[in-house]
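In what follows, a structure is listed as structure tokens, so that the remarks can point back to it.
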Amino acid sequence: MIPTLWAIVTINFLVVQVAPGGPVDQALANLSGRRNGGLLQRVTGSSAGSEVSAQTQGAQGGKEGSSAYRGARGLDPQVVAEITKRFGFDKPLAARYWDMLKRYVVFNFGDSLFLGRSVVSLIIERIPVSISLGLWSTLIIYLVSIPLGIRKAVRHGSPFDLWTTTTMLVANSIPSYLFAIILIVFLAGGSYLKIFPLRGLVSDAWSSFGLVHKVLDYFWHITLPTLATVIGGGATLTMLTKNSFLDEIHKQYVMTARAKGLTEKRILRRHVFRNAMLLVISGFPAAFIGIFFTGALLIEPIFSLQGLGLLGYSSTLQRDYPVMFGTLYMFTLLALVLTLISDLTYTVVDPRIDFGTRQT
Numbered sequence: 001m002i003p004t005l006w007a008i009v010t011i012n013f014l015v016v017q018v019a020p021g022g023p024v025d026q027a028l029a030n031l032s033g034r035r036n037g038g039l040l041q042r043v044t045g046s047s048a049g050s051e052v053s054a055q056t057q058g059a060q061g062g063k064e065g066s067s068a069y070r071g072a073r074g075l076d077p078q079v080v081a082e083i084t085k086r087f088g089f090d091k092p093l094a095a096r097y098w099d100m101l102k103r104y105v106v107f108n109f110g111d112s113l114f115l116g117r118s119v120v121s122l123i124i125e126r127i128p129v130s131i132s133l134g135l136w137s138t139l140i141i142y143l144v145s146i147p148l149g150i151r152k153a154v155r156h157g158s159p160f161d162l163w164t165t166t167t168m169l170v171a172n173s174i175p176s177y178l179f180a181i182i183l184i185v186f187l188a189g190g191s192y193l194k195i196f197p198l199r200g201l202v203s204d205a206w207s208s209f210g211l212v213h214k215v216l217d218y219f220w221h222i223t224l225p226t227l228a229t230v231i232g233g234g235a236t237l238t239m240l241t242k243n244s245f246l247d248e249i250h251k252q253y254v255m256t257a258r259a260k261g262l263t264e265k266r267i268l269r270r271h272v273f274r275n276a277m278l279l280v281i282s283g284f285p286a287a288f289i290g291i292f293f294t295g296a297l298l299i300e301p302i303f304s305l306q307g308l309g310l311l312g313y314s315s316t317l318q319r320d321y322p323v324m325f326g327t328l329y330m331f332t333l334l335a336l337v338l339t340l341i342s343d344l345t346y347t348v349v350d351p352r353i354d355f356g357t358r359q360t
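FYI, my numbering numbers position 97 of the sequence shown as 97, with every residue one higher than the one before it.
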């Protein structure tokens, strides 16, 4: 886990350093475009804003600055240097990289360059929204896919099995973000009905509601994002459940149970179900990873849900590097931890599985 986490963070750090349009470019472009002294005071935290505003409006006009940043044209080099230092880009690349690694070990991601808050506080505030969407979507997928997979195994080759497979293939071919747009158009006031809200996880006046009203309002808002995440997500689990049951149904102990006169329902419940569900249950953490990432990265920006996905998306547009790397670090760490839990769950559910190396 540690080498994987280090490699992902390192590769993304190096890629971002060579990408054009960093946070310094963003700040300088704003200053050069708006020529607003108050904006510079907010960015640099100094009183140089009024001076630069006068300079950019007066003598310097279209004069080129000496900085390498394209957004620095017409700005005082001292101001450019101050902004560069403010964002930490006055240090060598190796120094910035080593400083980032030391801080990330203790979960110190620094402060947002544009939001004026610590990255940790932003992540703590946003992560419950992403986890909430992922848990509800995973729960619905499991509640639907497992019974459906068992039914398909029992009725293998029947018309029910064929048309449900066709339906799942069609649903699985629809991208979740496209289905989210379709739901908005038809059910959220896009062009037809306005049954569900367009954005947010709760209403603006949610804090003043009673307990029952709060719960209903929450489910009213999360219905469409959950449906968009669920679409196509159960196809793999349904087929996994079906194939697991089919594999168990044709084993010798099932034939022995039938020869003893046990009913099919009793065989399924007391013998097949326990063995066939080992793989499905142990795969829950891995399934949650996929659903969590899909919901966070694709669905949250569409429905304006204040989760990690929308936070990472907006920080990428703004080139807010501390937030970008902080959310990437948390996404990667959560995925690795859940993958580890998934591997350990295999050994708990089925003690015959051993990841150790044996010499024969």
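We put the CB at the ideal spot given by N, CA and C, even for glycine.
To the nearest angstrom, report how far apart Lys102 and Thr347 are at their CA atoms.
Going from the Cα of Lys102 to the Cα of Thr347 covers about 34 Å.
Quick check on Thr44: does DSSP put it in helix, strand or coil?
Legend: pLDDT at Thr44 = 44, less than 50; position of this residue unreliable, value from coordinates given subsequently. The answer is helix: DSSP assigns Thr44 an H, G or I state.
Entirely within the segment 162-228 and at least 4 residues each: give me those alpha helix (DSSP H) ranges in chain order.
Complete alpha helix (DSSP H) runs here, min 4: 176-187.
Does any C-beta atom of chain D lie closer than 8 Å to the C-beta of Val272?
No chain D is part of this structure, which consists of one protein chain only.
Where are the alpha helix (DSSP H) runs, 4 residues long or more, that stay fully inside the segment 272-307, in chain order?
Segments of the alpha helix (DSSP H) lying fully in the segment 272-307: 273-282, 284-294 and 300-303.
Roughly how many angstroms separate the alpha carbons of Met324 and Leu308, rounded to a whole number?
So the alpha carbons of these two residues sit roughly 10 Å apart.
If you drop the 5 nearest sequence neighbours on each side, which residues of the same chain put their C-beta closer than 8 Å to that of Leu340?
Cβ within range, chain order: Met1.
Note down the Cα distance separating Gly234 from Ala94, rounded to an integer number of angstroms.
Cα to Cα, Gly234 sits roughly 45 Å from Ala94.
Say whether the segment 243-255 touches the segment 170-181, bearing in mind that this needs 3 or more beta-carbon pairs closer than 8 Å, one atom from each stretch.
Because the criterion of three Cβ pairs below 8 Å is not met, the segment 243-255 and the segment 170-181 do not touch.
Excluding sequence positions up to five away, which residues of its chain have a Cβ less than 6 Å from the Cβ of Ser46?
Any answer about Ser46 is weak, because its pLDDT of 43 lies below 50 and its placement is not dependable; what the coordinates show is given next. Same-chain partners within the cutoff: there are none.
Can the beta-carbon of Tyr329 be found closer than 8 Å to that of Val106?
The answer is no: Cβ separation not under 8 Å.
What residue range does the alpha helix (DSSP H) around Thr263 cover?
Note, Thr263: premise wrong, no alpha helix (DSSP H); not H, not E.
May I ask you to verify whether the segment 268-280 touches the segment 313-321, counting CB pairs closer than 8 Å and requiring at least 3?
No, because fewer than three Cβ pairs between the segment 268-280 and the segment 313-321 fall closer than 8 Å, the two stretches do not touch.
Which residue wins for smallest C-alpha separation from Ser137, given the options Val212, Val230 and His250?
Answer by Cα proximity: Val230.
Apart from the five residues on each side of it in sequence, which residues of its chain come closer than 7 Å, Cβ to Cβ, to Thr4?
Leu336.
Where does Asp90 fall in DSSP's three states?
Residue state, collapsed to three classes: coil.
Are at least three pairs of beta-carbons, each pair with one atom in the segment 262-269 and one in the segment 201-214, less than 8 Å apart?
No, the segment 262-269 is not in contact with the segment 201-214.
Which partner residues does Ser118 have in the DSSP bridge list?
Asp111.
Could you spell out where the alpha helix (DSSP H) holding Val9 opens and where it closes?
Residues Ile2 to Val18.
Only counting runs of 4 or more residues, tell me where the alpha helix (DSSP H) segments fall wholly within the segment 301-344, in order along the chain.
Within the segment 301-344, the complete alpha helix (DSSP H) runs of at least 4 residues are 308-318.
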